[in-house]
Amino acid sequence: MKKNLYTADATATGGRSGHVRSSDSTIDLDMSVPEGLGGKKGTTNPEQLFAAGYAACFQQALLVVAGQQNEELDPASTVQCSVTLFQEGEGYGLSAVLNVDLKGLDIQKAQAMVSKAHEICPYSVGTRGNMEVELNVAGQPAEVVESEKTASA
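Under full-length UniProt numbering, the first residue of the sequence shown carries the number 1, and numbering increases by one thereafter.
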C-alpha cells in the first residue's frame, strides 16, 4: 500500500532561460541553458538540479542500507552524480553516472551496499527503464544485480 510521505512543489517560468521557485521559496533561482551551450554564467540548469537531487537521495539510500546492516558510513563518504543531456534524433534525453566512494569499506562490501541502495533510492526507482544510469564504486563499475523486484519495476 502506497503511503505518501512528502510532496515538493516548484513553479518554473520562462523555461530553461527563466526562473524556478519552490512553494516555500527555499529554491528561488534564475535558470539558463548550460554555459557551454550559450547560457549565462552564474545560473543553474535543470541537469545540475537533477544531479544534486540524485546524489543526495542516493547518499541517503546508502545511509539506510548501512543502518540495516549495522554499518556506519565514514562521514567523508561521497556520491558524485553527473547528468548528461543528449539529443537523439528529434528528441532529447538524460543519462546519469553515480560515482560512489564509501571510504574505509572493502570493494565487495561497498558494491553490495551500492547495489542495494540502487534498489531503494527513489531516483533510481523513478529512472529505472527510462534512462541509462551507470554506477561506479571507488572508480570501478558496480556489479549491480537486478533483483526480480527491480527488474519488474
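No residue lacks a Cβ here, since even glycine has one placed at the ideal position from N, Cα and C.
Can you name, in chain order, every residue of its own chain whose Cβ lies under 6 Å from the Cβ of residue i, other than the five neighbours on each side?
i	result
Val100	Val79, Val114, Val137
Val65	Met113, Lys116, Ala117
Pro34	Asn45
Phe86	Gly93
What three-state label does DSSP hand residue i in the structure shown?
i	result
Glu148	Only weak support exists for where Glu148 lies, its pLDDT of 46 falling under 50; the value from the coordinates is given anyway. Note: Glu148 maps to helix in three-state DSSP.
Ala153	Because the pLDDT at Ala153 is just 43, under 50, the model does not fix this residue reliably, and the point stays unresolved.
Thr7	coil
Glu72	coil
Pro46	helix
Val33	coil
Ala66	helix
Thr26	coil
Ala12	strand
Gly126	helix
Skipping 5 residues on each side, what residues in its chain have a beta carbon closer than 7 Å to that of residue i?
i	result
Gln140	Ile107
Lys103	Asp74, Ala76, Ser77
Thr84	Leu94, Ser95
Which residue's Cα is closest to the Cα of residue i: the options?
i	options	result
Ala51	Ser82, Gln60, Lys40	Ser82
Asp9	Lys2, Met1, Val20	Val20
Tyr123	Gly18, Glu71, Ala55	Ala55
Phe58	Gly14, Thr11, Asn130, Val97	Val97
Ala12	Gln69, Glu134, Asp30, Met1	Asp30
Lys109	Val133, Asn70, Glu134	Asn70
Ser23	Gly89, Thr127, Thr7	Thr7
Ser32	Thr26, Gln60, Gly18	Gly18
Please list, in chain order, all residues of the same chain as residue i whose beta carbon is under 8 Å from its beta carbon, the five residues on each side excluded.
i	result
Glu132	Ser95, Ala96
Taking only runs of the beta strand (DSSP E) that begin and end inside the stretch 67-119, which ones reach a length of at least 3 residues, in chain order?
78-88, 91-101
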